[in-house]
Amino acid sequence: MLSDVEAVNSFDPDRQIVYHLFTRANPSVSQPLLMGSEGLLGLTNYNSRRRTIVLLHGWRVGADAAMNTQLVPAFLSAEDVNVIVVDWSAGAGSINYATAVANTLTAGEGIARFINWLNRATGAVPAHYHIVGHSLGAHQAGIIGRNVDGSIAYITALEAAQLGFINNDNRFRADDGAYTEVIHTNAGVLGFLNTLGHVDFYPNGGVGMPGCDSQECDHARSYFYLTESLITGGFTGRRCLTVAAALTGNCLMPGTLRMGGLVAKTGRTGIFHLETNAAPPFSRG
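Listed below in structure tokens is the structure:
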């Protein structure tokens, strides 16, 4: 069995990360993308004129993660886009969480190299990208953002992991993209408590989601809310002065903002609170 150090050192993102392309022409069965293989790329339905969505899973899951089964069809239903599902399970799959945290950085840097290659090969630009990451993948989205050539237009951090990142310089940062949005649904437990993005949403006070009876359910609600927002555009948040106010719902400041959605709210900043229903449709408008 490999030691923790050997497990980190043996992970080769350029060789072991798998990229799955979904488009409206192939919404259910993915097409492989391989860094450096323009011939293979030319056989796929990838279109550089479309926006590209990049989806990043968390710890001990892979391409078939629940977030992907929700978000892939939602994005394709809402817009004619390229959706790239990143499978970095070779790095995220370790039962040792610390190893997976270390591999989050290595994988993020590798994915950035892939995106840089794809953009050079096709003429695509970072301004046409939306990166979405859940848990460890949320921090990975930020690592990608600060390592690509140019500025990613829109990054959504879903329940960015708290364990291993409170004092970690590689945690998600507001300036990782042109617009960065964070959705907290298990804040202070599995997910990060404090603000990380240009805009941070704390639905239902950020923990104890209606209809959930476990931390894992709370943690997952973030991508269910994003999924619904892509279709309906719902979830109106009210501005809060502080995180403490967002956690209690004591938000009386003027101003509202829609959570999630297809379009980056570039230039907007702040902390927002909203309430949801216990079952779909989750949005109260």
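If you're matching positions, the sequence shown starts at -5 in our numbering and goes up one per residue.
Every residue, glycine too, gets a C-beta built ideally from N, C-alpha and C.
As the structure is a prediction and not an experimental result, all values here were calculated from the model.
Under the three-state reduction of DSSP, which class applies to residue i: helix, strand or coil?
i       : result
Arg278  : coil
Asn20   : strand
Cys206  : coil
Arg232  : strand
Asp8    : helix
Asp194  : strand
Val201  : coil
His133  : helix
His178  : coil
Leu(-4) : The predicted model places Leu(-4) with a pLDDT of 49, which falls under 50 and marks its position as unreliable; any figure quoted below should be read in that light. If DSSP states are grouped into helix, strand and coil, Leu(-4) belongs with coil.
Gly127  : strand
Tyr13   : strand
Leu152  : strand
Leu112  : helix
Leu224  : helix
Gly185  : strand
Ile146  : coil
How about residue i and residue j: are their beta carbons less than 7 angstroms apart?
i      : j      : result
Ile265 : Asp194 : yes
Gln25  : Leu35  : no
Ser83  : Gly56  : yes
Gln209 : Asn188 : no
Glu32  : Ala154 : no
Gly279 : Gly228 : yes
Asp74  : Arg140 : no
Cys245 : His213 : no
Asn97  : Phe5   : yes
Thr174 : Ile149 : yes
Ala118 : Ala258 : no
Ser145 : Ala106 : no
Val79  : Asn110 : no
Asn76  : Thr38  : no
Gly231 : Ala273 : no
So, under 8 angstroms CB-CB, residue i and residue j are touching, yes? Tell me the CB distance rounded to an integer number of Å.
i      : j      : result
Leu50  : Ala135 : 6 angstroms
Ser216 : Ile177 : 5 angstroms
Met247 : Leu235 : 6 angstroms
- Message: Using 8 angstroms as the cut-off, can you tell me whether the region 240 to 257 makes contact with the region 196 to 207, which would need three or more C-beta pairs spanning the two stretches below that distance?
- Response: yes
- If you pair each beta-carbon of the region 126 to 133 with each one of the region 93 to 110, do three or more pairs fall below 8 angstroms? yes
- At least three beta-carbon pairs within less than 8 angstroms, the region 109 to 124 to the region 181 to 191: no
- Task: Would you list, in sequence order, the uninterrupted alpha helix (DSSP H) runs of no fewer than 4 residues that lie entirely inside the region 29 to 101?
- Result: 32 to 36, 60 to 72 and 83 to 86
- Task: Taking only runs that begin and end inside the region 241 to 275, name each unbroken alpha helix (DSSP H) of 4 or more residues, in chain order.
- Result: none
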